[in-house]
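All remarks here apply to the structure that follows.
In structure tokens:
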């Protein structure tokens with residue numbers, strides 16, 4: 039593989055990371071929610087007049103729309119490719135943020151942030167990882183997937199303090215306008231770097247045998263996948279793992295205010311570092327010990343973290359250091375989901391229908407985020423504490439770990455010399471994965 043071709047793969051990867059760094063604004067919701075809650079409490083002309091029990095609704099709806107839009111985005115790439123799919127995403131996010139910057143209306147925020155921005159994030163996110171994966175061998179699937187999606191998790195490191203600064207200097211709504219314009223420009227520019235490899239491209243130096251993760255023998259059609267028990271087991275596990283993490287992410291700002299006060303956004307930013315690190319570490323680890331083993335470890339650790347949080351969130355004098363440490367580890371464990379499940383999808387069902395297949399699996403992320411975020415807000419409203427939410431999440435994580443032990447991935451098939459699974463020219467994440475065969479002489 040020439041140096042130019044190798045560099046092309048890394049430039050696509052870097053562009054994907056950059057796009058996700060912009061789209062990860064979703065994880066800064068707790069900062070926005072805090073500003074809205076403060077406005078409701080103060081009241082007065084121009085203040086938000088929402089029901090406190092509905093504060094998480096735009097965030098929960100965004101998670102749901104984000105997930106289900108991945109199905110449409112996967113199909114969209116069949117026709118127009120990752121560049122234009124990501125560009126549509128940038129436009130939708132920008133328009134959504136600009137719209138909500140003009141009003142305090144609950145309905146508009148639900149539509150602008152929840153629906154438009156949610157769909158935009160789905161389109162951009164779906165286009166970032168697949169073209170990068172196609173430039174690298176199977177043995178690096180976990181690493182590359184982890185790197186690209188780490189941008190999404192890392193976004194809160196800069197978006198949380200930036201949002202806090204904007205809210206404090208120009209106000210929440212003008213801040214939304216600035217962020218909307220910035221995300222629109224950044225995502226649309228970086229989308230021009232998303233390209234698939236040329237026809238017949240074979241990455242240097244790798245065979246499926248070098249990775250502990252199994253490689254799908256055939257490219258599985260969506261309906262065939264939906265009829266398999268392994269899909270629904272993975273869907274349920276993803277629902278639990280993602281839902282538990284998103285529940286904490288959506289509320290960490292509120293929980294940190296007891297001990298950190300106005301510096302609560304720091305907990306959001308530090309949690310994001312754990313989130314991003316989990317994606318990269320899990321990707322590398324799963325390439326070495328297998329996806330199922332890595333997933334099992336993550337679920338057990340996350341259940342322990344949820345149990346450890348119960349006395350912390352129920353206390354009025356919790357340690358700021360302990361809260362930040364727990365948030366970091368929860369973010370780390372949550373982040374592993376976002377590199378493990380795309381890798382599961384590629385390994386178990388192939389690249390040909392990767393877009394729609396992973397889009398269908400990713401609905402678990404959205405449903406989990408929606409259900410757990412709404413549940414936590416309802417429990418908080420009824421009890422004044424998040425303790426019961428953590429207890430429920432911890433129990434579900436233990437159940438998810440049990441399901442993980444029953445997973446039976448498709449058996450790995452060692453390719454013949456010269457046989458590689460590679461994308462074709464113009465292939466998208468839903469139509470790549472041709473077999474390139476070298477005939478024996």
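Residue numbers (our numbering): 39 to 479.
All C-beta atoms in this analysis are idealised placements derived from N, C-alpha and C, irrespective of residue type, glycine included.
Being a predicted model, the structure only gives us computed values, none of them experimental.
Query raised in the report: Short check: CB of residue 344 to CB of residue 282, under 8 Å?
Result: Taking the first residue of the chain shown as position 1, residue 344 is located at position 306. Taking the first residue of the chain shown as position 1, residue 282 is located at position 244. Yes, these two residues count as a Cβ contact at 8 Å.
Query - Close beta carbons around residue 156, own chain, < 6 Å, minus the five adjacent residues each side - result: Position 118 of the chain shown holds residue 156. So the list reads 100, 103 and 104, once near-sequence residues are dropped.
Query - Cβ contact (3+ pairs, closer than 8 Å) linking the stretch 161–169 and the stretch 378–393 - result: yes
Query raised in the report: If you check the beta carbons only, do residue 194 and residue 213 fall under 8 Å apart?
Result: Your numbering for residue 194 matches position 156 in the chain shown. Your numbering for residue 213 matches position 175 in the chain shown. For residue 194 and residue 213, no; Cβs fall outside 8 Å.
Requested in this report: Using beta-carbon positions only, say whether residue 162 and residue 127 come within less than 8 Å of one another.
Outcome: Residue 162 sits at position 124 when you count from the first residue of the chain shown. Residue 127 sits at position 89 when you count from the first residue of the chain shown. Yes, the pair counts as a contact, with Cβ atoms nearer than the cut-off.
Report task. Run through the stretch 382–425 for me and flag every whole alpha helix (DSSP H) of 4 or more residues, listed as ranges in chain order. Result -> 392–421
Query raised in the report: Whole-angstrom Cβ separation of residue 294 and residue 302, contact assumed at under 8 Å?
Result: Along the chain shown, one-based indexing puts residue 294 at 256. Along the chain shown, one-based indexing puts residue 302 at 264. Going by Cβ atoms, the distance from residue 294 to residue 302 rounds to 4 Å, so yes, they are a contact pair.
Report task. For residue 56, I'd like the list of residues in its chain whose CB is within less than 6 Å of its CB, leaving aside the five on either flank, ordered along the chain. Result -> Within the chain shown, the letter at position 18 stands for residue 56. Only 228 meet the Cβ criterion.
Query raised in the report: Would a C-beta distance cut-off of 8 Å place residue 269 and residue 110 closer than the cut-off?
Result: As a working note, residue 269 is residue 231 in the chain shown. As a working note, residue 110 is residue 72 in the chain shown. Taking 8 Å as the Cβ cut-off, residue 269 and residue 110 do not qualify as a contacting pair.
Query raised in the report: Touch check for the stretch 81–97 and the stretch 413–426: three-plus C-beta pairs under 8 Å?
Result: yes
Query raised in the report: Taking the C-alpha atoms as reference points, what is the distance between residue 220 and residue 444?
Result: By 1-based counting over the chain shown, the position of residue 220 is 182. By 1-based counting over the chain shown, the position of residue 444 is 406. If you take the alpha carbons of residue 220 and residue 444, they lie about 45 Å apart.
Query raised in the report: Rounded to a whole number of angstroms, what is the C-alpha to C-alpha distance between residue 380 and residue 415?
Result: Looking up residue 380 in the chain shown gives position 342. Looking up residue 415 in the chain shown gives position 377. Roughly 29 Å between the two C-alpha positions.
Requested in this report: Report, in whole angstroms, the separation of the C-beta atoms of residue 402 and residue 273, which I expect to be a contact under 8 Å.
Outcome: In the chain shown, residue 402 corresponds to position 364, counting from 1. In the chain shown, residue 273 corresponds to position 235, counting from 1. Residue 402 to residue 273, Cβ: 4 Å. Contact.
**Report entry** Same chain, Cβ closer than 8 Å to residue 332, neighbours up to 5 away in sequence not counted
**Finding:** Translated into the one-based positions of the chain shown, residue 332 becomes position 294. Excluding residues within five positions, the ones whose Cβ falls inside 8 Å are 320, 323, 324, 374 and 378.
Query - Coil, strand or helix - residue 155 by DSSP - result: Within the chain shown, numbered from 1, the residue matching residue 155 stands at position 117. Correct three-state label for residue 155: helix.
Query raised in the report: From residue 45 to residue 205, what distance separates their C-alpha atoms?
Result: As a first step, residue 45 must be located in the chain shown, where it is residue number 7. As a first step, residue 205 must be located in the chain shown, where it is residue number 167. Cα-Cα distance, rounded: 40 Å.
Report task. Could you check what DSSP says for residue 329 in three-state terms: helix, strand or coil? Result -> The residue given as residue 329 occupies position 291 in the chain shown. DSSP places residue 329 in helix when its eight states are reduced to three.
Requested in this report: Taking the CB atoms as reference points, tell me whether residue 406 and residue 370 lie closer together than 8 Å.
Outcome: Taking the first residue of the chain shown as position 1, residue 406 is located at position 368. Taking the first residue of the chain shown as position 1, residue 370 is located at position 332. Going by C-beta atoms, residue 406 is not nearer than 8 Å to residue 370.
Report task. Mark residue 357 as exposed unless 16 or more other C-beta atoms lie within 10 angstroms of its C-beta, in which case mark it buried. Result -> Within the chain shown, residue 357 is the residue found at index 319, counting from 1. Exposed, because fewer than 16 other Cβ atoms sit within 10 Å of the Cβ of residue 357.
Requested in this report: Tell me, to the nearest whole angstrom, how far the beta carbon of residue 75 is from that of residue 412; I am working on the premise that it is less than 8 Å.
Outcome: Your numbering for residue 75 matches position 37 in the chain shown. Your numbering for residue 412 matches position 374 in the chain shown. Incorrect: roughly 17 Å between the Cβ atoms, too far for contact.
Query raised in the report: Should residue 404 and residue 341 be called a contact, given that it needs their Cβ atoms to be closer than 8 Å?
Result: Working through the chain shown from its first residue, we reach residue 404 at position 366. Working through the chain shown from its first residue, we reach residue 341 at position 303. In this structure, residue 341 does not lie closer than 8 Å to residue 404 by Cβ.
Report task. Can you tell me which of the three DSSP states residue 258 falls into? Result -> As a working mapping, residue 258 is identified with position 220 in the chain shown. Coil at residue 258, not helix or strand.
Query raised in the report: Around the C-beta of residue 65, are 16 or more other C-beta atoms found within 10 angstroms, so that it is buried, or is it exposed?
Result: Position 27 of the chain shown, counted from the first residue, corresponds to residue 65. Residue 65 is buried by the Cβ-count criterion.
Query raised in the report: In angstroms, rounded to a whole number, what distance separates the CA positions of residue 267 and residue 438?
Result: On the chain shown, residue 267 is found 229 positions in, with the first residue counted as 1. On the chain shown, residue 438 is found 400 positions in, with the first residue counted as 1. So the two alpha carbons sit approximately 15 Å from each other.
Query raised in the report: In whole angstroms, what separates the C-alpha of residue 133 from that of residue 190?
Result: In the chain shown, residue 133 corresponds to position 95, counting from 1. In the chain shown, residue 190 corresponds to position 152, counting from 1. Whole-angstrom Cα-Cα distance: 20 Å.
Query raised in the report: Anyone know if the C-beta pair for residue 346 and residue 364 falls short of 8 Å?
Result: Working through the chain shown from its first residue, we reach residue 346 at position 308. Working through the chain shown from its first residue, we reach residue 364 at position 326. Against a cut-off of 8 Å, the Cβ pair of residue 364 and residue 346 comes out as a contact.
Query raised in the report: Is residue 337 buried or exposed, if buried means 16 or more other CB atoms sit within 10 Å of its CB?
Result: Here the question's residue 337 lines up with position 299 in the chain shown. Per the 10 Å Cβ criterion, buried.
Requested in this report: Could you check if residue 480 is buried or exposed, using at least 16 other CB atoms within 10 Å of its CB as the buried criterion?
Outcome: With the chain covering 39 to 479 only, the question about residue 480 has no answer from this structure.
Query raised in the report: Taking the alpha-carbon positions, what's the residue 59 to residue 115 distance?
Result: The residue you call residue 59 lines up with position 21 of the chain shown. The residue you call residue 115 lines up with position 77 of the chain shown. Approximately 21 Å between the Cα atoms of the pair.
Query raised in the report: When DSSP labels each residue in this structure, what does residue 89 get in the three-state scheme?
Result: By one-based count along the chain shown, residue 89 stands at place 51. Coil, per DSSP.
Requested in this report: Work out the CA separation of residue 123 and residue 147 for me, nearest whole Å.
Outcome: Walking along the chain shown from the start, residue 147 turns up at place 109. Walking along the chain shown from the start, residue 123 turns up at place 85. Each residue's Cα considered, the two are about 24 Å apart.
**Report entry** Neighbourhood of residue 160 by C-beta distance below 6 Å, restricted to the same chain and skipping five residues each side
**Finding:** Here residue 160 is taken as the residue at index 122 of the chain shown, counted from 1. Answer for residue 160: 104, 107, 108 and 111, listed in chain order.
Query - Proximal residues to residue 260 (C-beta, below 8 Å), its chain only, five neighbours per side dropped - result: As a first step, residue 260 must be located in the chain shown, where it is residue number 222. Hits under 8 Å: 391, 394, 395 and 398.
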